[in-house]
Structures are given as structure tokens and as C-alpha cells.
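Asks:
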Amino acid sequence: MISRLRRAGLIALVLAISTAACGTPMAGRAIPEARPIIESPVGEHTKAPPVPRPLDAEKYVNDPCASLTATQQAEFNVTSSRVNSDGRGSGCIWNVGDGSTSPGVSYLTSVDTGLSNLYALNDTGWWDRGYFEPTEVDGYPAVYVDLTDLRAQGDCGLAVALSDRLFFDVSIRTTKDNDACLGAKNVAEAILQTIKEGA
4 MISRLRRAGL
14 IALVLAISTA
24 ACGTPMAGRA
34 IPEARPIIES
44 PVGEHTKAPP
54 VPRPLDAEKY
64 VNDPCASLTA
74 TQQAEFNVTS
84 SRVNSDGRGS
94 GCIWNVGDGS
104 TSPGVSYLTS
114 VDTGLSNLYA
124 LNDTGWWDRG
134 YFEPTEVDGY
144 PAVYVDLTDL
154 RAQGDCGLAV
164 ALSDRLFFDV
174 SIRTTKDNDA
184 CLGAKNVAEA
194 ILQTIKEGA
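Taking our numbering, the leading residue of the sequence shown gets 4, the next gets one more, and so forth.
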């Protein structure tokens, strides 16, 4: 269960967010594209840490907006949601509060190398102008990653492995006064909780 303090912090954070594909983007800020992928990396590449307890996320790949339960959406003050999927995978955008906030999740299903795909891209220097910072979320391998480092301006991307073949990505945009990466981690933890419980 998300603590009251963290929940309040996330609600405060997301009240200022405007993220990918949520109707009208913030003036002067481009809508981010889906993470790039390497379908068949040539040669040897660094592998992501193995996932010790793989999770079956098929239900949420097919219904990405169910990645946050009704209870979690109420805690985060979600007012609406919409599917945001394409040929690379499935995703969902949630509107929060007055609609100026929209955290999103996407499941990249078009490759079967999971988080190792992002590690392979890192080997090629793909993230050199952005950031690639391995971490973990609730015991699952994860990476803070994006092509451009706009974290000081309030943007953050976080990819979390569900198995060695699948990961989900949370992207958050907010003002520079907020910690977007903390917000992304809070949303990711909630999504992991949903998937673990199969809600």
C-alpha cells in the first residue's frame, strides 16, 4: 500500500505534470516518442540483471489502463484515462486532477530482449546525450533512461523489467520545481503492486 506521505507527495507532483500524448502538450515542449529499440543487436552486448521473480503482465499488456487499480487511481486523483498504443507496444495515459497532469505507462512488446535492449543501446552510445542510470524498483531491475536529459526541467523516464523479455516504461513531465524521477518511481511501484496482485 502506498504510504499517505508518498501518496500526497505524488499527488502534489502530478498536479503539475504534462506528459506524452495527453491531448495538448505544454507549450514549447515536444511530446516524447517511445523508447527506441534494437530488434537484433549485432555482436555481444551488456545484459540487464536477470529478473529473480518474473511477473505475468499479459492482462495489463492487453489492458494497459488497468495497470493502476481503481483504488490507486483514486489515491492519485486520476480523473480519466485513455489507451495510447501502437505497433511497438501498448500504453495508457492517465489524466490527474484538472487534466493538466498525465503520467503514462507503456509496455514495449515488439522485441523479446526486455531491458537488455536498453543496455544494448547503451553499449552503442545511444544514450550519451541523455542518461542511463541502472537502479531497481521494489527488487526489480530498472533504468532511469532517456535520449535527452531534461530532469532539471522536470522530465524523467523509468523502465522496469517484469521478466527477462518484457519491461514497462513510465514517463513523467512536471515543472522544474518537482522531482519527476521520484514521481516516476512512485507510479512504477504502484504498477508493480497491481501486477503482483493480479488485480
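Where a beta carbon is used, it is the ideal one built from N, C-alpha and C, also for glycine.
1) Check residue 29 in the structure and name its three-state DSSP category.
2) To which residues of the same chain is residue 85 closer than 6 Å at the C-beta, ignoring the five residues directly before and after it?
3) Beta carbon of residue 164: closer than 7 Å to some heavy atom of the ligand ATP?
4) Check whether the Cβ atoms of residue 148 and residue 130 lie closer than 8 Å to each other.
5) Output the distance between the C-alpha atoms of residue 114 and residue 167, rounded to the nearest integer angstrom.
6) Any contact between the region 138-154 and the region 162-176? By contact I mean 3 or more CB pairs, one from each, below 8 Å.
7) Among 171, 185 and 52, whose alpha-carbon lies nearest the alpha-carbon of residue 65?
8) Could you give the first and the last residue of the continuous beta strand (DSSP E) run that contains residue 92?
9) Please return the same chain residues whose Cβ sits closer than 7 Å to the Cβ of residue 118, not counting the five positions on each side in sequence.
10) What are the partner residues of residue 85, as DSSP defines its beta bridges?
Replies: On the basis of the data shown:
1) Locating residue 29 in the sequence shown gives position 26, where the first residue counts as 1. Residue confidence is low: residue 29 scores 36 on pLDDT, short of 50, so the model does not pin down where it sits. Its coordinate-derived value is still stated next. When secondary structure is reduced to three states using DSSP, residue 29 falls in the coil class, being assigned neither helix nor strand.
2) What you label residue 85 is simply residue 82 of the sequence shown in a count that begins at 1. So the list reads 96, once near-sequence residues are dropped.
3) Here there are no bound small molecules, and the ligand ATP is not part of this structure.
4) One-based indexing of the sequence shown puts residue 148 at position 145. One-based indexing of the sequence shown puts residue 130 at position 127. Contact flag set, yes.
5) Position 111 of the sequence shown, counted from the first residue, corresponds to residue 114. Position 164 of the sequence shown, counted from the first residue, corresponds to residue 167. Straight-line Cα distance between these residues: approximately 11 Å.
6) Enough Cβ pairs lie closer than 8 Å, so yes.
7) For the purposes of this step, residue 65 is identified with residue 62 of the sequence shown, where counting begins at 1. Among 171, 185 and 52, the Cα nearest to that of residue 65 belongs to 171.
8) Taking the first residue of the sequence shown as 1, we reach residue 92 at position 89. Where residue 92 is concerned, the enclosing beta strand (DSSP E) stretches over 92-99.
9) Residue numbering aside, residue 118 sits at position 115 when the sequence shown is read from its first letter. Once the five neighbours on either side are set aside, the close Cβ partners of residue 118 are 51, 144, 146, 162, 164 and 170.
10) Residue numbering aside, residue 85 sits at position 82 when the sequence shown is read from its first letter. DSSP, once it has assigned bridges, lists 96 as partnering residue 85.
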